[in-house]
Amino acid sequence: MQLIYGFILAILIAGLAYRAHSLNKSGAIAAMFLGTIIFGIGGWQWAILLLTFFITSTALSRAFKKSKQGLNEKYSKGNERDAGQVFGNGGLGAVFVLVHALYPESNIGWIGFAASLAAVNADTWATELGVLNPTPPQMITDLRKRVEKGTSGGVSLFGTFASLLGSALIAALAAFLTDDWPLFPLITLAGLSGSLFDSLLGATVQAMYFCPTDKKETEKHPLHTCGTETVHIRGWKWLNNDWVNFACGAFGALVAFLLNSNIR
Ligand SMILES: [Zn+2]
1 MQLIYGFILA ILIAGLAYRA HSLNKSGAIA AMFLGTIIFG IGGWQWAILL LTFFITSTAL
61 SRAFKKSKQG LNEKYSKGNE RDAGQVFGNG GLGAVFVLVH ALYPESNIGW IGFAASLAAV
121 NADTWATELG VLNPTPPQMI TDLRKRVEKG TSGGVSLFGT FASLLGSALI AALAAFLTDD
181 WPLFPLITLA GLSGSLFDSL LGATVQAMYF CPTDKKETEK HPLHTCGTET VHIRGWKWLN
241 NDWVNFACGA FGALVAFLLN SNIR
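Here it is, written out as structure tokens:
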């Protein structure tokens with residue numbers, strides 16, 4: 001029965017997001033699929049966490065659309081999220097809800113789910129709010145080096161603070177919903193770590209391209225926003241932004257498991 005409610009809720013949310021142009025067609029189908037699994041198997045607590053991530057990240061990207069104009073071309077995709085982005089951000093969550101279904105007595109599924117969401121939420125908040133930083137970001141691998149806003153691997157004080165807040169929000173909900181308050185600092189720290197790991201990958205091994213027409217570095221491939229074919233300049237070709245997001249969530253979950261088994 002819960003699976004049916006999950007399916008209905010997922011269709012409703014994905015449909016609204018599609019109509020609001022927050023998701024394209026493939027993104028809406030992917031969200032429907034992930035939503036059904038997470039709402040249907042996990043139940044309302046899991047739904048609250050996932051929806052908090054989804055709603056706040058969508059709202060933030062809309063609120064700061066203006067200050068990002070011209071920046072969008074730097075990111076590999078526009079505002080409409082596709083299936084790759086949906087799975088990159090939430091695919092791991094579906095894995096952890098299955099872990100929870102297999103081991104309902106253990107809190108391992110919930111911790112992994114909350115930590116991976118805290119990490120991708122932290123990363124999204126940092127991306128959306130980081131543009132408000134008054135000075136250009138610094139490269140995470142070399143803080144003396146300033147880079148253009150929107151560059152993968154760039155970090156700033158605003159962005160990092162936003163990341164901490166984004167992670168803390170998910171962590172607070174995860175702790176509140178299970179009345180397990182030690183989860184609050186644990187998940188907050190795990191989410192922040194995941195988002196810093198995301199920046200580290202962006203600065204080092206993420207696939208980066210160059211547009212010969214605009215003479216600009218971009219994540220876009222094969223075509224830039226201007227229609228020119230982009231050229232690979234660094235990073236592993238398979239490691240696109242979707243996989244980096246996935247790794248961000250996975251790193252967050254890993255840190256949470258390590259903290260959970262060593263500190264608690
Ligand atoms: Zn171009």
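Residue numbers (our numbering): 1 to 264.
By construction, the Cβ of each residue, glycine as well, lies at the ideal position given by its N, Cα and C atoms.
Keep in mind the model is a prediction, meaning the values are calculated, not measured.
Contact check, residue i vs residue j, beta carbons under 8 Å
{"i": "Gly191", "j": "Ser167", "result": "yes"}
{"i": "Gly35", "j": "Ala10", "result": "yes"}
{"i": "Gly6", "j": "Gly27", "result": "no"}
{"i": "Gly249", "j": "Leu129", "result": "no"}
{"i": "Leu165", "j": "Ala174", "result": "no"}
{"i": "Val131", "j": "Phe64", "result": "yes"}
{"i": "Gly252", "j": "Ser193", "result": "yes"}
{"i": "Leu259", "j": "Leu196", "result": "no"}
{"i": "Phe87", "j": "Asp214", "result": "no"}
{"i": "Ile29", "j": "Ala94", "result": "no"}
{"i": "Asn240", "j": "Asp123", "result": "no"}
Where residue i falls: helix, strand or coil (DSSP)
{"i": "Leu143", "result": "strand"}
{"i": "Val131", "result": "coil"}
{"i": "Thr218", "result": "strand"}
{"i": "Phe64", "result": "coil"}
{"i": "Val205", "result": "coil"}
{"i": "His100", "result": "helix"}
{"i": "Cys211", "result": "strand"}
{"i": "Leu23", "result": "strand"}
{"i": "Leu239", "result": "coil"}
{"i": "Gly227", "result": "coil"}
{"i": "Gly40", "result": "helix"}
{"i": "Gly109", "result": "helix"}
{"i": "Gly150", "result": "coil"}
Residue from the options whose Cα sits closest to the Cα of residue i
{"i": "His224", "options": "Gly235, Cys211, Ile29, Gly252", "result": "Cys211"}
{"i": "Ala20", "options": "Ile48, Ile41, Ile187, Ser61", "result": "Ser61"}
{"i": "Ser22", "options": "Gln85, Met1, Gly6", "result": "Gln85"}
{"i": "Thr160", "options": "Ile263, Ala126, Ala28, Gly154", "result": "Ala126"}
{"i": "Glu229", "options": "Tyr209, Trp243, Trp236", "result": "Tyr209"}
{"i": "Glu267", "options": "Pro182, Ala115, Pro134, Ala14", "result": "With the chain running from 1 to 264 in the structure shown, residue 267 is simply not present."}
{"i": "Leu281", "options": "Arg264, Asp214, Gly91, His221", "result": "With the chain covering 1 to 264 only, the question about residue 281 has no answer from this structure."}
{"i": "Asn89", "options": "Phe184, Gly6, Asn133, Asp198", "result": "Asp198"}
{"i": "Gly235", "options": "Thr218, Gly227, Gly194", "result": "Thr218"}
{"i": "Lys216", "options": "Phe39, Gln206, Ile233, Val95", "result": "Ile233"}
{"i": "Val297", "options": "Ser57, Arg144, Ile38", "result": "Summary: the structure shown does not reach residue 297, with the chain confined to residues 1 through 264, and so no result is reported for it."}
{"i": "Tyr103", "options": "Val155, Gly42, Lys149, Leu143", "result": "Gly42"}
{"i": "Thr178", "options": "Asn245, Gln45, Lys145, Ala83", "result": "Gln45"}
{"i": "Lys149", "options": "Asn133, Leu239, Met1", "result": "Asn133"}
{"i": "Leu200", "options": "Trp181, Gly154, Phe158", "result": "Gly154"}
{"i": "Phe257", "options": "Leu157, Ala115, Phe158", "result": "Ala115"}
{"i": "Phe96", "options": "Leu254, Ser261, Asn262", "result": "Leu254"}
{"i": "Val205", "options": "Lys220, Val231, Trp238", "result": "Trp238"}
Interface flag, residue i vs chain C, CB-CB below 8 Å
{"i": "Met1", "result": "Considering every chain present, this structure includes no chain C. It has just one protein chain."}
Mind the definition here: the region 137-145 touches the region 110-124 only if three or more C-beta pairs lie below 8 Å; say whether that holds. no
Does the structure place the region 95-108 close enough to the region 118-127 that three or more beta carbon pairs sit under 8 Å? no
Segment contact, 8 Å Cβ cut-off, at least three pairs: the region 45-55 with the region 161-181: yes
Curious, which full-length alpha helix (DSSP H) runs of at least 4 residues does the region 173-200 contain? none
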